[in-house]
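J.: Mind the numbering: the sequence shown is residues 13 to 331 in the numbering used here, read in order.
Even for Gly, the Cβ is constructed at its ideal location relative to N, Cα and C.
A single structure is presented below for examination.
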Amino acid sequence: MMVGLYYGILGFGMDLGFSEYHVYLFGALIFALPTLVTEMGPSFVLQRTPMVIEDKKMDLLKFFRELKEAFLVVRHNKYIVLEIAAKTITSFTPHISEYDFLRFGNVRFGKMSVESLMFLRDNIFSVPGTLIVPFSLPIIKKVGGPREAKILYRLVSIIALALRAIVGMKSTFGIIFAQFMWMAIHIMGKPDEIARGIIRYEMLDYVEWKTGRRSEGMTIAVTGVLERLILDNVNLVVGNLIIDAIGFDSELKDNQPASFFKWAPIFYLITPIFDNIVILIARLLYKYPASQRDMVEADLIERRRLALEMEEGLEENTI
């Protein structure tokens, strides 16, 4: 909450004529210190359960063996495999952040700063998306299931982003129109988030049915290594290289070179369309019909019932 408020204060403070230095200083004094104290609070909670610290040395060979085993299990998760493949491709596409494009691309909405514009957008145009959350499950059922909901979200995103690129953001109308396109994407993003959770748990059942192992922890480990440690850093490096290649210099502020104004709109307005097309293809390739899902669930219930009966039988024999 404090981070969101500070972002708005940054914009409105600059609109009132204060420098970035004084606004950041004010934010650090008013928000950073209370936030730090709040985050330290849990460390003073009395621990009521004993904590046993085992003195074990790190076995790298064991770690890599377990990581390899996790990869071999998670490779059966069709959704995760396609998701990582799509993210790998989009990590290498030329892109520029929304803030850099709006702040340094001379995109203006009257005298309002970019920070204020984004703050109002995030807190006003996001309201319809928030209100639609309770209706996410009915929407998912109405469109045919979680896979179809995710496909619909990508289609809406592609259309909205294409319309935004056609209209452009050089006029007041274009900027307002872009916010409504953002709102449309945000609205459909809520059912998409719910659908993602449904698919992930469906795939956990499928992997268990396929391998006999429950893979929540392994899935988190594999996606953490691939997405967080590798692809996110690749995305960051590529983004910085692109920014440098088109001549961006933060010290020039609003006086960026002509090459920046030539390429920045393409990377901000066009690249996201390509990225969403890549992700849409991954969604279309994902196949898990309801008939197979029902069969997997029924088979797992039977397996678990038999396993429980065997366990109870062994306990009776030992007694």
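1. If we count the other Cβ atoms within 10 Å of its Cβ and call it buried at 16 or more, is Met-13 buried or exposed?
2. Can you tell me whether Met-307 is helix, strand or coil according to DSSP?
3. Output the distance between the C-alpha atoms of Gly-53 and Ile-278, rounded to the nearest integer angstrom.
4. Rounding to the nearest angstrom, what Cα-Cα distance links Phe-30 and Tyr-36 in this structure?
5. Does DSSP put Met-13 in a helix, in a strand, or in coil?
6. Please state if the CB of Ile-210 and the CB of Pro-146 are separated by a distance shorter than 8 Å.
7. Which one or two residues does DSSP pair with Phe-192 in a beta bridge?
8. So for Phe-121, helix, strand or coil by DSSP?
9. Excluding the 5 residues preceding and the 5 following Asn-135 in the sequence, name in chain order all residues of the same chain whose CB lies nearer than 7 Å to its CB.
10. Sort Val-126, Ala-196, Lys-162 by Cα distance to Phe-137 and report the nearest one.
11. Specify the secondary structure class of Ser-227 as computed by DSSP and reduced to three states.
12. With distance defined between alpha-carbon atoms, name the residue in Ile-188, Ala-161, Met-230 nearest to Ile-205.
13. From what residue to what residue does the alpha helix (DSSP H) around Lys-162 run?
14. Tell me, please, whether the region 170 to 189 touches the region 296 to 310 by the rule of three or more beta-carbon pairs shorter than 8 Å.
T.: Considering the structure as presented:
1. Your numbering for residue 13 matches position 1 in the sequence shown. Confidence is the limiting factor: at Met-13 the pLDDT is only 48, short of 50, which leaves the residue's position unreliable, though a coordinate-based value still follows. The residue is exposed, with fewer than 16 neighbouring Cβ atoms inside 10 Å.
2. As a first step, residue 307 is located in the sequence shown; it is residue number 295 there, counting from the start. Residue state, collapsed to three classes: helix.
3. Position 41 of the sequence shown, counted from the start, is the residue given in the question as residue 53. Position 266 of the sequence shown, counted from the start, is the residue given in the question as residue 278. The straight-line gap separating the alpha-carbon atoms of Gly-53 and Ile-278 is approximately 46 Å.
4. The residue you call residue 30 lines up with position 18 of the sequence shown. The residue you call residue 36 lines up with position 24 of the sequence shown. Spanning the two alpha carbons is a distance of roughly 10 Å.
5. Numbered from 1 along the sequence shown, position 1 holds the residue referred to as residue 13. Because Met-13 sits at a pLDDT of 48, beneath the cut-off of 50, its placement in the model cannot be relied upon, and the following sentence gives the value as read from the coordinates. Met-13 falls in the coil class under three-state DSSP.
6. Position 134 of the sequence shown, counted from the first residue, corresponds to residue 146. Position 198 of the sequence shown, counted from the first residue, corresponds to residue 210. Inclusion of Pro-146 and Ile-210 in the CB contact set at 8 Å is not warranted, their separation being larger than that value.
7. The residue labelled residue 192 in the question sits at position 180 within the sequence shown. Answer is none; Phe-192 lacks a bridge partner.
8. As a position in the sequence shown, residue 121 is number 109, starting the count at 1. Three-state DSSP puts Phe-121 in a strand.
9. Residue 135 sits at position 123 when you count from the first residue of the sequence shown. So the list is empty, once near-sequence residues are dropped.
10. Position 125 of the sequence shown holds residue 137. The shortest Cα separation from Phe-137 among Val-126, Ala-196, Lys-162 belongs to Ala-196.
11. What you label residue 227 is simply residue 215 of the sequence shown in a count that begins at 1. In the structure shown, Ser-227 sits in coil (DSSP, three-state: anything other than H, G, I, E or B).
12. Indexing the sequence shown from 1 puts residue 205 at position 193. First, the amino acid is wrong: residue 205 is Glu here, not Ile. Considering only alpha carbons, the answer is Ala-161.
13. In the sequence shown, counting from the first residue as 1, residue 162 sits at position 150. Its alpha helix (DSSP H) spans residues 158 to 179.
14. These segments do not touch.
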